[in-house]
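Down below is the structure, laid out as structure tokens.
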Amino acid sequence: MSLVEKVNITTGTGWSQNLCVGNTGPVNSVGFPSLCLQDGPLGIRFADHSTAFPAGITTGATWNRDLMYRRGHAHGLEGRLKGINVLLGPCMGPLGRMPAGGRNWEGFGSDPVLQAVAAAETIKGIQDAGVMATAKHWIVNEQEHFRQSFEWGLPNAMSSNVDDRTLHELYVWPFAESVRAGLASVMCSYQMVNNSYTCGNSKLLNGILKDELGFQGFVQSDWLAQRSGVGSALAGLDMTMPGDGLRWMDGKSLWGPHLTEAALNGSIPMERLNDMVTRIVAAWYQLGQDTWAAPPPEGDGGPNFSSFTNDETGPIHPGSDDKTMAVVNKFVDVQGQGKDFHGRLAQQIAAEGTVLVKNEDDLLPLTPQGRSGVARSDKGKKFRVGVFGEDAGPGRGPNVCPDRGCNQGTLASGWGSGAVDFPYLVTPLQALEAKFDFNSVYMTHFLTNNPPIETSPSILADQDLCIVFINSIGGEGFIASDGIRGDRNDLYAQNDGDKLVQTVAKGCGRGSGETIVVLHAIGPVVLERWADLPGVKAIILANLPGEESGNALVDVLFGDVDASGRLPYTVGKSLADYGPGGQILYYPNGVVPQQTFSEGLYIDYRHFDKHNIPPRYEFGFGLSYTSFAFSNLSVTLTKPITPLPSPRPADTSQPPSYDPTVPDPASALFPPHFRKLKNYIYPYIASPTAIKRGPYRYPAGYTVPQPRSPAGGGLGGNPALYETLAVATLTLTNTGARTGKQVAQLYVEFPAGVKEPETGEAIDFPVRVLRAFEKLELGVGESKEVRLELSRKDLSYWSVRKQNWVVPVGEGGRGRIGVSVGASSRDLRLWGEMGVDGWIHRLLDE
Ligand code: BGC
201 MSLVEKVNIT TGTGWSQNLC VGNTGPVNSV GFPSLCLQDG PLGIRFADHS
251 TAFPAGITTG ATWNRDLMYR RGHAHGLEGR LKGINVLLGP CMGPLGRMPA
301 GGRNWEGFGS DPVLQAVAAA ETIKGIQDAG VMATAKHWIV NEQEHFRQSF
351 EWGLPNAMSS NVDDRTLHEL YVWPFAESVR AGLASVMCSY QMVNNSYTCG
401 NSKLLNGILK DELGFQGFVQ SDWLAQRSGV GSALAGLDMT MPGDGLRWMD
451 GKSLWGPHLT EAALNGSIPM ERLNDMVTRI VAAWYQLGQD TWAAPPPEGD
501 GGPNFSSFTN DETGPIHPGS DDKTMAVVNK FVDVQGQGKD FHGRLAQQIA
551 AEGTVLVKNE DDLLPLTPQG RSGVARSDKG KKFRVGVFGE DAGPGRGPNV
601 CPDRGCNQGT LASGWGSGAV DFPYLVTPLQ ALEAKFDFNS VYMTHFLTNN
651 PPIETSPSIL ADQDLCIVFI NSIGGEGFIA SDGIRGDRND LYAQNDGDKL
701 VQTVAKGCGR GSGETIVVLH AIGPVVLERW ADLPGVKAII LANLPGEESG
751 NALVDVLFGD VDASGRLPYT VGKSLADYGP GGQILYYPNG VVPQQTFSEG
801 LYIDYRHFDK HNIPPRYEFG FGLSYTSFAF SNLSVTLTKP ITPLPSPRPA
851 DTSQPPSYDP TVPDPASALF PPHFRKLKNY IYPYIASPTA IKRGPYRYPA
901 GYTVPQPRSP AGGGLGGNPA LYETLAVATL TLTNTGARTG KQVAQLYVEF
951 PAGVKEPETG EAIDFPVRVL RAFEKLELGV GESKEVRLEL SRKDLSYWSV
1001 RKQNWVVPVG EGGRGRIGVS VGASSRDLRL WGEMGVDGWI HRLLDE
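Okay, so the sequence shown: first residue is 201 according to this note's numbering, each after it adds one.
Okay, here's the thing in structure tokens:
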């Protein structure tokens, strides 16, 4: 490829200049197409006839690896059929440091291991369908306020300040597992880390991502997250998106012609440009995309939908002054057919991602005839059910607000680039109407948060059962609605939902009726205003269920499937209970707003455990309709425990090498009679006169080779980190009266008193950390053996001093690592510990 051809691959054509949210330039001479990059993590943004899957947070709540994979795969297939090369997901950052964070719902939960497992399964699923996955947002992109400068009227974006150990043990962890899964692309985030913009931060891109984690794919910028030209190229950025410069559609790319210039004047070595291009083109081959049909005029490949119009015919360069029209929407139905219809999968995920947290007097599951097990004195009369709340119904339809940016109707998605157009949305009311047997049940509904209770008290007094629906939304920071700019302002139910629950629970059946609360939310909601009211018998946290919302809810409400969702975050009793580190920075505190992660490792349950704060419902918690016993925990050490892994392996392969000669500037000029479109980004330069040739004077130190990370050497890091050091086995038995699913959760407890040998510095550990889990289905009385593997990394901490993962036992036989297994982070049933001398099993309440 020529210089301009190479540059074309690295630079987007500019916002809305082609049909996808991101488009690279093609290289026609070698048949390399323009790549279509499209959001997002839960379906295909701006597309028709495609599935609105449950959100990441709902998928995390399933704790079901198989469903995580299948969701990714179905998403990948849909992308493939729409002609998408690169899907902009999964999202694994924000991790969920702040429960009010606007985009936590796009990811899978506030724990690095849960997040990592779900991300890796999703990536394998997407990429097995031939589409490149993007792990985003790298990194410590935890809040929406001030993530960018221009959205917030500030000269600079905020800086997330984080220490090296916290970075490794929490925030990088899911990315490491993503790289290990064969990930094609990483998106660097908008904000700064330790006061350098992420997309220009060499330590984070060249250092941690590419050297230490061995990432072989390409780094793309978030949309306008690139803030420097030469600097970001040298720091390890490989692709700029959407290609514009510092502002949308300004036509002043920081790369494009400037990257060409920089290569010509030597400020960016040809090796670096060749490396960028190799990473992108190799990923394309790796995923087999060279076998796809070519785009027109050669073939009928390429994107078959437009992000910018819903009409069949539309502009092919919507953002430019070009008026050429073509068929841009072919309305290809990618939702799967028959038993492979993706709606069925969406329903299954939403049902398993529904968390039952309270079920007094076995109110649930319901029966189509109403409430089971209640002898009705007034037989002959129908069982009366009242449904309350706007969240039970359709509102003005699921797609009325752009990018789902408002709270109306039933909530099934957060808002922003991670949202999609619903092809349909089954509301809770619709599904309840289909499920109840109206020969026995009389159902009324009030799809408002202000039912006319004052004027018609009978609407509550007459009910046997009340089902109240409430919600809480937020999303990406470019949308503001009802005073919420991305991040939520508090953790309460919105639109007076808490008051609605109080009113209904007190008045239902004149106080003797039973109330079920169903909550749809983008994250944790404080339930204290009503959770203990005597009328509130059941609480269901249904997260963000996607298009099959009502059907999935009814599956759980009526027990057609077990309640098997488990919380992917802690539900605290107040926002303050999450600690200072859990609070959004709502007001800028400097020219570069500073947010320092002083809490270190102590987020979510790690914070609650450390400070002994009782949550309302802990991380990992959720009820089933049956009960389970855990027994026979034993751990086998498969290798002798040594503090350090074997050394980083020698390189087994070399990157390809190319001719590094800088070409003649004349080769980079606009071809004669070239028709330029307005704001479209081209790689060509206008004149060779600006090019100063000759050796470029890099800053002192630039050529000093940096030591390679001792933790690197393979995908995700040194392969020795992923060797299994211990295998835990236990028996799980269904002791209840029906088939059900349980998640065996394994938490590791590191020893006290650990010190860095060289410095004597104390190494503090969380009380316990999740390291492995498995979800199993068991019939009545059935037992199964659960096998959970622990890698060296699972049993290590990140030593800042050694820049390596260290198992804090071994030397001299000091210390033991505790292993506990149970049904949540606080419902631990089995416990034991291991050291160099083996495994000791201690009973808890087996
Ligand atoms: C978001 C990304 C998204 C991109 C393209 C950005 O504002 O942060 O997550 O992929 O837009 O829509």
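Don't be surprised by glycine CBs; every beta carbon is placed ideally from N, CA and C.
Just so it is clear, the structure is predicted and the values come from calculations on it, not from any experiment.
query = So who's on the other strand from tryptophan 338, going by DSSP bridges?
reply = According to the DSSP secondary-structure assignment, tryptophan 338 is paired through a beta bridge with Cys388.
Length of the line joining the Cα atoms of arginine 380 and glycine 916 = Arginine 380 and glycine 916 have their C-alpha atoms spaced approximately 5 angstroms apart.
key: Segment contact, 8 angstroms Cβ cut-off, at least three pairs: the segment 316-328 with the segment 655-672   = A contact is defined here as three or more CB-CB pairs under 8 angstroms, and the segment 316-328 fails this definition with respect to the segment 655-672.
query = Taking just the CA atoms, how far does isoleucine 468 sit from glutamate 209?
reply = Checking the sequence shown, residue 209 turns out to be isoleucine, not glutamate. Approximately 16 angstroms, taken between the alpha carbons.
key: glutamate 369 burial status per 10 Å Cβ neighbour count (16 or more: buried)   = Classification for glutamate 369: buried.
Assigned exposure category for methionine 358 - 16 Cβ within 10 Å defines buried = Buried: at least 16 other Cβ atoms inside 10 Å.
task = Within the same chain, show all residues whose beta-carbon is closer than 8 angstroms to that of glycine 570, passing over the 5 residues directly before and after it, in chain order.
result = Only Phe583, Val585, Phe636, Ser640, Val641, Asp664, Leu665 meet the Cβ criterion.
task = Could you tell me which residues DSSP pairs with arginine 685 in its beta bridges?
result = Arginine 685 is bridged by DSSP to Ala680, Asp687.
message = For leucine 464 and proline 860, I'd like the C-alpha separation in whole angstroms.
response = Taking the CA atoms as reference points, leucine 464 sits about 11 angstroms from proline 860.
ask   = Taking all protein chains shown into account, do 16 or more other C-beta atoms lie within 10 angstroms of the C-beta of aspartate 490, making it buried, or fewer, making it exposed?
value = When all chains shown are included, aspartate 490 counts as exposed.
request  = Confirm the yes/no value for this check: CB of methionine 292, any heavy atom of ligand 1, distance under 8 angstroms.
outcome  = Ligand 1 never approaches methionine 292 closely enough for any of its heavy atoms to be under 8 angstroms from the residue's Cβ.
key: DSSP state of tryptophan 615 mapped onto helix, strand, coil   = Tryptophan 615 falls in the strand class under three-state DSSP.
ask   = Around the Cβ of methionine 643, are there at least 16 other Cβ atoms within 10 angstroms (buried) or fewer (exposed)?
value = By the neighbour-count rule (16 or more Cβ atoms within 10 Å), methionine 643 is buried.
task = Quickly, what does DSSP pair methionine 476 with across the bridge? List them, please.
result = Answer by DSSP bridge pairing: none, since methionine 476 is not bridged.
task = Please name the residue, chosen from Gly614, Thr610, Ser1020, that lies closest to valine 835 on a Cα-to-Cα basis.
result = If we check each option's Cα against that of valine 835, Ser1020 comes out closest.
task = Under 7 angstroms Cβ to Cβ from tyrosine 786, same chain only, skipping five residues before and after it: list those, please.
result = Only His345 meet the Cβ criterion.
Glycine 894 to glycine 466 span [Cα, whole Å] = Answer to the nearest angstrom: the Cα atoms are 7 angstroms apart.
query = Would phenylalanine 350 be called buried (16 or more neighbouring beta carbons within 10 Å of its own) or exposed?
reply = Exposed.
key: One or two residues paired with histidine 743 in a DSSP bridge   = In the sequence on display, residue 743 carries asparagine and not histidine. BP columns for asparagine 743 point to His720.
request  = For the alpha helix (DSSP H) holding asparagine 918, just list the boundary residues, first then last.
outcome  = Note, asparagine 918: premise wrong, no alpha helix (DSSP H); not H, not E.
Boundaries (first-last residue) of the alpha helix (DSSP H) holding asparagine 401 = Per DSSP, asparagine 401 belongs to no alpha helix (DSSP H) and is neither H nor E.
Same chain, Cβ closer than 7 angstroms to isoleucine 653, neighbours up to 5 away in sequence not counted = Closer than 7 angstroms at Cβ, skipping near neighbours: Ile659, Leu660, Thr703, Gly707.
key: Residues sharing a beta bridge with glycine 940, DSSP   = Answer by DSSP bridge pairing, in chain order: Leu978.
message = On the CB-based measure, 16 or more other CB atoms within 10 Å of its CB, does glutamine 537 come out buried or exposed?
response = With fewer than 16 other Cβ atoms from the protein chains shown falling within 10 Å of its own Cβ, glutamine 537 counts as exposed.
Backbone CA spacing between glycine 289 and proline 241 [nearest angstrom] = If you take the alpha carbons of glycine 289 and proline 241, they lie about 4 angstroms apart.
query = Should the segment 516-529 be regarded as contacting the segment 228-245, the criterion being three or more beta carbon pairs within less than 8 angstroms?
reply = Taking 8 angstroms as the limit for Cβ pairs, the verdict is that the segment 228-245 does not touch the segment 516-529.
query = Is glycine 436 buried or exposed, if buried means 16 or more other CB atoms sit within 10 Å of its CB?
reply = Answer is buried; the Cβ neighbour count reaches 16.
query = Near aspartate 500, what residues of its chain come up, given a Cβ to Cβ distance below 8 angstroms and the 5 sequence neighbours on each side ignored?
reply = Taken in chain order, the residues that qualify are Ala493.
message = For the alpha helix (DSSP H) containing proline 207, name the first residue and the last one.
response = Just to set this straight, residue 207 is valine in the shown sequence, not proline. Counting along the chain, valine 207 sits inside the alpha helix (DSSP H) bounded by residues 203-210.
ask   = Can tryptophan 305 and asparagine 743 be called in contact, C-beta distance under 9 angstroms?
value = Yes. Within cutoff.
inquiry  = Taking contact to mean 3 or more Cβ pairs, one atom from each stretch, closer than 8 angstroms, check whether the segment 997-1006 and the segment 973-981 are in contact.
reply    = With a cut-off of 8 angstroms on Cβ pairs, the segment 997-1006 is not in contact with the segment 973-981, counting fewer than three such pairs.
As assigned by DSSP and simplified to three states, the class of arginine 576 = For arginine 576, the predicted model reports a pLDDT of 48, less than 50, meaning its position is unreliable; a value from the coordinates is still stated below. DSSP places arginine 576 in coil when its eight states are reduced to three.
ask   = Out of Pro780, Cys291, Leu1028, which has the shortest C-alpha to C-alpha gap to serine 389?
value = For serine 389, the nearest C-alpha among the options comes from Cys291.
query = Just to check, is the beta-carbon of methionine 439 closer than 8 angstroms to a non-hydrogen atom of ligand 1?
reply = Not one heavy atom of ligand 1 falls within 8 angstroms of the beta-carbon of methionine 439.
ask   = Under 9 angstroms between the Cβ atoms of proline 863 and leucine 424?
value = Their beta carbons are not under 9 angstroms apart, which means proline 863 does not touch leucine 424 by this criterion.
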